[in-house]
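Student: Supplied in structure tokens, the structure appears directly below.
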Amino acid sequence: MENNSSATNQSSPARLGGTAPMLFAYVWTFLFLLVYCGRPEDWIPGTAHIPFAKITAAIALLAFVIQAGQAILRPPREIIYLLLLFGQLCLTVPFSPVYRGGAFDYVLEFSKVVAIVVVMAVVANTLGRLRWLIFTQTACVLAVVIVSLVKGHLTVGRLEGASAGIYTNPNDLALAIALTVPFCFAFMLRASDVFRKAAWFLAMAVMTYTLFLTASRSGLLALVVAVGVMLREFALKGGRRHLLIPVGLVALTVLLLAGGMLKKRFDAVTGPSLNSIEEGTAYGSAMARRELLWRSLVIAAQHPLFGIGPGNFPILVSWHVAHNSFTEISAEAGLPALILFILLFRRAFQNTRKVQLLAPGQTEAMLLAGALRASIVGFAVGAFFASVEYHFFPYFLVAYTSALYAITARSTSQALPAQMEALPERQGRRGGKAAEVTWDDYQKGRAVGSAGQLAER
15 MENNSSATNQ SSPARLGGTA PMLFAYVWTF LFLLVYCGRP EDWIPGTAHI
65 PFAKITAAIA LLAFVIQAGQ AILRPPREII YLLLLFGQLC LTVPFSPVYR
115 GGAFDYVLEF SKVVAIVVVM AVVANTLGRL RWLIFTQTAC VLAVVIVSLV
165 KGHLTVGRLE GASAGIYTNP NDLALAIALT VPFCFAFMLR ASDVFRKAAW
215 FLAMAVMTYT LFLTASRSGL LALVVAVGVM LREFALKGGR RHLLIPVGLV
265 ALTVLLLAGG MLKKRFDAVT GPSLNSIEEG TAYGSAMARR ELLWRSLVIA
315 AQHPLFGIGP GNFPILVSWH VAHNSFTEIS AEAGLPALIL FILLFRRAFQ
365 NTRKVQLLAP GQTEAMLLAG ALRASIVGFA VGAFFASVEY HFFPYFLVAY
415 TSALYAITAR STSQALPAQM EALPERQGRR GGKAAEVTWD DYQKGRAVGS
465 AGQLAER
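Start counting the sequence shown at 15; every next residue gets the next number (the working numbering).
Structural data, given as structure tokens:
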């Protein structure tokens, strides 16, 4: 009885005061994500001036600081990269040749991203907690999409978000959709009944239709790549090839119903016959972006170490962003910031691979890892055409992958000792002598070694 009790205590998550570790910090982190992605100040009358996101983030950070002593914090490499990136941004402020005050304001805003990502990566320490965070973000984006379809309006033929802030610009709304669709796919596969599967599939269809209405070229490219990775993970490698047919039908239907404006905008890139205001606007946008890309590269070459300061690029180019996260961050914060930015998301991508190596039998962890991988690749493509290097949404993906890997590594390390103990027993049943180790035995032993190495990261 004592041995069983001890084993149970070792394999179960640590508990403090009868609750899961850092529960209070997690609750406020959850509320922050809810108000940041859902933007209640846009829907509830009289709350427009209440900083819900700042309040919830501050309480979550305070609770995290108070409860951090309950756990030994060894920051994973992605968090180290994020902290180094923040440090590089801080260094750029005194060296800014343009506007130090503006650079300081941008760095101050980005500090909120750093703080909440660190908190989120630590307090989402169970699969259930992580699932709720991802579900909340997905549900909020879906709600904004539906409201935008109902109340949104077209500007030069493009749908704008009905909500303010991160959803107003058609390109930002489209990128948020592209990063969220893989989560819908994962939740659909996880659902146990036909009704829920159909609801999630419908959600993906509505999101895709809305993205086409935004006529965002960068959003479409990000979505196509994300869906391609998603189908490779879930349909081809996951043995669900039947999913290719409904996904293809949805894509074809949406293209026929809402693809007209997107086709005009892609055609206008090459400057053919411009027969409408929309085509002329799209062609002008493409030419302007080409010039902005070149200017960002020139500025990055002129200021390779510290750039011109975060947020200062628009000051030099008539208040336009570079529409490329990679060249803009190098122009504003130097090449070290660009390298750290790339390493950060590369590490997040690697986390998803490690999860799939450690947990081949854990369905939910595998689904979330595949969805996160698709979202990260989609972001990498979308970031080439959008300036989102200081936004929360991309860094949420980093926090999710960090938390998922930590959860998987912890659960695997708890399960592997029992698996290894079973190996000699099984060999002993093979005639009482040392039997040949099978390929399955080798793989289990290899998994133990991998888990030990990865858990040390």
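Built from N, CA and C at the ideal position, the CB exists for glycine as well.
The structure displayed is predicted, hence computed values, not measured ones.
Would residue 301 be called buried (16 or more neighbouring beta carbons within 10 Å of its own) or exposed?
Tutor: Within the sequence shown, the letter at position 287 stands for residue 301. By the neighbour-count rule (16 or more Cβ atoms within 10 Å), residue 301 is not buried but exposed.
Student: What distance in whole Å lies between the Cβ atoms of residue 354 and residue 120, which are believed to be in contact at a cut-off of 8 Å?
Tutor: Translated into positions along the sequence shown, residue 120 becomes position 106. Translated into positions along the sequence shown, residue 354 becomes position 340. Actually they do not touch by this definition, with Cβ atoms about 16 Å apart.
Student: For residue 255, which residues from the same chain have a beta carbon less than 6 Å from its beta carbon, with the 5 sequence-adjacent residues on both sides left out?
Tutor: Within the sequence shown, numbered from 1, the residue matching residue 255 stands at position 241. Hits under 6 Å: 249.
Student: Between the C-alpha atoms of residue 108 and residue 114, what's the straight-line distance to the nearest angstrom?
Tutor: Your numbering for residue 108 matches position 94 in the sequence shown. Your numbering for residue 114 matches position 100 in the sequence shown. So the alpha carbons of these two residues sit roughly 6 Å apart.
Student: Rounded to the nearest angstrom, what separates residue 360 and residue 60 at their Cα positions?
Tutor: Translated into the one-based positions of the sequence shown, residue 360 becomes position 346. Translated into the one-based positions of the sequence shown, residue 60 becomes position 46. For residue 360 and residue 60, the distance between alpha carbons rounds to 42 Å.
Student: Mind checking which residues open and close the alpha helix (DSSP H) that includes residue 328?
Tutor: Stepping through the sequence shown from its first residue, residue 328 is reached at position 314. That run of the alpha helix (DSSP H) goes 327–330.
Student: Anyone know if the C-beta pair for residue 224 and residue 263 falls short of 8 Å?
Tutor: The residue given as residue 224 occupies position 210 in the sequence shown. The residue given as residue 263 occupies position 249 in the sequence shown. Cβ distance not < 8 Å, so residue 224 and residue 263 don't count as in contact.
Student: Out of curiosity, what's the CA-to-CA distance linking residue 446 and residue 426?
Tutor: In the sequence shown, counting from the first residue as 1, residue 446 sits at position 432. In the sequence shown, counting from the first residue as 1, residue 426 sits at position 412. Low local confidence applies: a pLDDT of 44 at residue 446 is under 50, so the model's placement there is unreliable, with the coordinate-based value given in what follows. Cα to Cα, the separation comes out at about 30 Å.
Student: Might you give, ordered along the chain, the residues of its own chain that have their beta carbon closer than 7 Å to the beta carbon of residue 70, omitting 5 neighbours on each side?
Tutor: Here residue 70 is taken as the residue at index 56 of the sequence shown, counted from 1. Only 42, 45, 46, 49 meet the Cβ criterion.
Student: What's the gap between the Cα of residue 75 and the Cα of residue 136?
Tutor: For the purposes of this step, residue 75 is identified with residue 61 of the sequence shown, where counting begins at 1. For the purposes of this step, residue 136 is identified with residue 122 of the sequence shown, where counting begins at 1. Approximately 11 Å, taken between the alpha carbons.
Student: Rounding to the nearest angstrom, what Cα-Cα distance links residue 89 and residue 131 in this structure?
Tutor: Counting from one through the sequence shown, the residue named residue 89 turns up at place 75. Counting from one through the sequence shown, the residue named residue 131 turns up at place 117. Near 12 Å, if we compare the C-alpha coordinates of residue 131 and residue 89.
Student: Can you find at least 3 beta carbon pairs, one from the stretch 391–398 and one from the stretch 239–249, that sit closer than 8 Å?
Tutor: yes
Student: According to the Cβ coordinates, are residue 351 and residue 321 closer than 8 Å?
Tutor: For this step, residue 351 is matched to residue 337 along the sequence shown. For this step, residue 321 is matched to residue 307 along the sequence shown. A contact, by the Cβ cut-off of 8 Å.
Student: Report the three-state DSSP secondary structure of residue 421 (helix, strand or coil).
Tutor: Reading the sequence shown from its first residue, position 407 is the one you call residue 421. Looking at residue 421 - three-state DSSP - the assignment turns out to be helix.
Student: Expressed to the nearest angstrom, what Euclidean distance is found between the alpha-carbon atoms of residue 318 and residue 345?
Tutor: For the purposes of this step, residue 318 is taken as the residue at position 304 of the sequence shown. For the purposes of this step, residue 345 is taken as the residue at position 331 of the sequence shown. Distance between the alpha carbons of residue 318 and residue 345: 8 Å.
Student: Measure the CB-CB distance between residue 387 and residue 363 and report whether it falls below 8 Å.
Tutor: Residue numbering aside, residue 387 sits at position 373 when the sequence shown is read from its first letter. Residue numbering aside, residue 363 sits at position 349 when the sequence shown is read from its first letter. Yes, the pair counts as a contact, with Cβ atoms nearer than the cut-off.
Student: Rounded to the nearest angstrom, what separates residue 374 and residue 380 at their Cα positions?
Tutor: The residue given as residue 374 occupies position 360 in the sequence shown. The residue given as residue 380 occupies position 366 in the sequence shown. Spanning the two alpha carbons is a distance of roughly 7 Å.
Student: When the Cα atoms are used, what is the spatial distance from residue 186 to residue 227?
Tutor: Against the sequence shown, residue 186 aligns to sequence position 172. Against the sequence shown, residue 227 aligns to sequence position 213. Each residue's alpha carbon lies about 13 Å from the other.
Student: Measuring straight from C-alpha to C-alpha, what distance separates residue 280 and residue 220?
Tutor: Mapped onto the sequence shown, residue 280 falls at position 266. Mapped onto the sequence shown, residue 220 falls at position 206. About 22 Å.
Student: Using the Cα positions of residue 316 and residue 92, report the straight-line distance between them to the nearest angstrom.
Tutor: What you label residue 316 is simply residue 302 of the sequence shown in a count that begins at 1. What you label residue 92 is simply residue 78 of the sequence shown in a count that begins at 1. About 29 Å.
Student: Just to confirm the assignment, what range does the alpha helix (DSSP H) spanning residue 49 have?
Tutor: The sequence position of residue 49 within the sequence shown is 35, counting from 1. Taken as a continuous stretch (DSSP letters only), the alpha helix (DSSP H) holding residue 49 covers 37–52.
Student: In three-state DSSP terms, what is residue 254?
Tutor: Residue numbering aside, residue 254 sits at position 240 when the sequence shown is read from its first letter. Three-state result, residue 254: coil.
Student: Taking residue 133 as the reference, which of 176, 110, 276, 78 has the closest Cα?
Tutor: The residue you call residue 133 lines up with position 119 of the sequence shown. Measuring from the Cα of residue 133, the nearest candidate turns out to be 78.
Student: My parser needs the beta strand (DSSP E) runs of 3 or more residues fully inside the stretch 308–392; what are they?
Tutor: Correct list: empty.
Student: Between 278, 275, 237, 274, which has its C-alpha nearest residue 261's C-alpha?
Tutor: Along the sequence shown, one-based indexing puts residue 261 at 247. Taking only the C-alpha atoms, the option nearest residue 261 is 237.
Student: Excluding the 5 residues preceding and the 5 following residue 369 in the sequence, name in chain order all residues of the same chain whose CB lies nearer than 6 Å to its CB.
Tutor: Residue mapping note: residue 369 aligns to position 355 of the sequence shown, counting from 1. Non-local beta-carbon contacts of residue 369 in its own chain, meaning distances under 6 Å to residues more than five positions away in sequence, involve 379, 383, 418, 419, 422 in chain order.
Student: Go through its chain and collect everything with a Cβ distance to residue 230's Cβ below 7 Å, but skip five positions before and after it.
Tutor: Position 216 of the sequence shown, counted from the start, is the residue given in the question as residue 230. Cβ neighbours of residue 230 beyond the five flanking positions: 184, 185, 188.
Student: Secondary structure at residue 458, three-state DSSP: helix, strand or coil?
Tutor: As a working note, residue 458 is residue 444 in the sequence shown. Unreliable positioning characterises residue 458 in this predicted model, as indicated by a pLDDT of 43, which lies under 50. A coordinate reading is not provided.
Student: Would the beta-carbon of residue 190 fall within 8 Å of that of residue 407?
Tutor: On the sequence shown, position 176 is the one that residue 190 refers to. On the sequence shown, position 393 is the one that residue 407 refers to. For residue 190 and residue 407, yes; Cβs fall inside 8 Å.
Student: Exposed or buried, which one is residue 123 when buried takes at least 16 other CB atoms within 10 Å?
Tutor: Translated into the one-based positions of the sequence shown, residue 123 becomes position 109. It counts as exposed.
Student: For residue 312, which option in 329, 333, 342, 337 has the closest C-alpha, if you only look at C-alpha atoms?
Tutor: For this step, residue 312 is matched to residue 298 along the sequence shown. It is 342 whose Cα lies nearest to the Cα of residue 312.
Student: Can you say whether residue 159 is buried or exposed, counting buried as having 16 or more other CB atoms within 10 angstroms of its CB?
Tutor: Residue 159 sits at position 145 when you count from the first residue of the sequence shown. Looking at its Cβ environment, which holds 16 or more other Cβ atoms inside 10 Å, residue 159 is buried.
Student: Between which two residues does the alpha helix (DSSP H) carrying residue 100 extend?
Tutor: Residue numbering aside, residue 100 sits at position 86 when the sequence shown is read from its first letter. Start and end: 91–109.
Student: Which stretch, first to last residue, makes up the alpha helix (DSSP H) that contains residue 116?
Tutor: Looking up residue 116 in the sequence shown gives position 102. From DSSP, the alpha helix (DSSP H) with residue 116 extends over 114–137.
Student: Which residue wins for smallest C-alpha separation from residue 332, given the options 305, 340, 323?
Tutor: For the purposes of this step, residue 332 is taken as the residue at position 318 of the sequence shown. Restricting attention to 305, 340, 323, the CA atom closest to the CA of residue 332 is found in 305.
Student: Measure how close the beta-carbons of residue 400 and residue 337 come, nearest whole angstrom, since I'm counting them as under 8 Å.
Tutor: In the sequence shown, residue 400 corresponds to position 386, counting from 1. In the sequence shown, residue 337 corresponds to position 323, counting from 1. Right, the Cβ-Cβ distance comes to about 6 Å (below 8 Å), so this counts as a contact.
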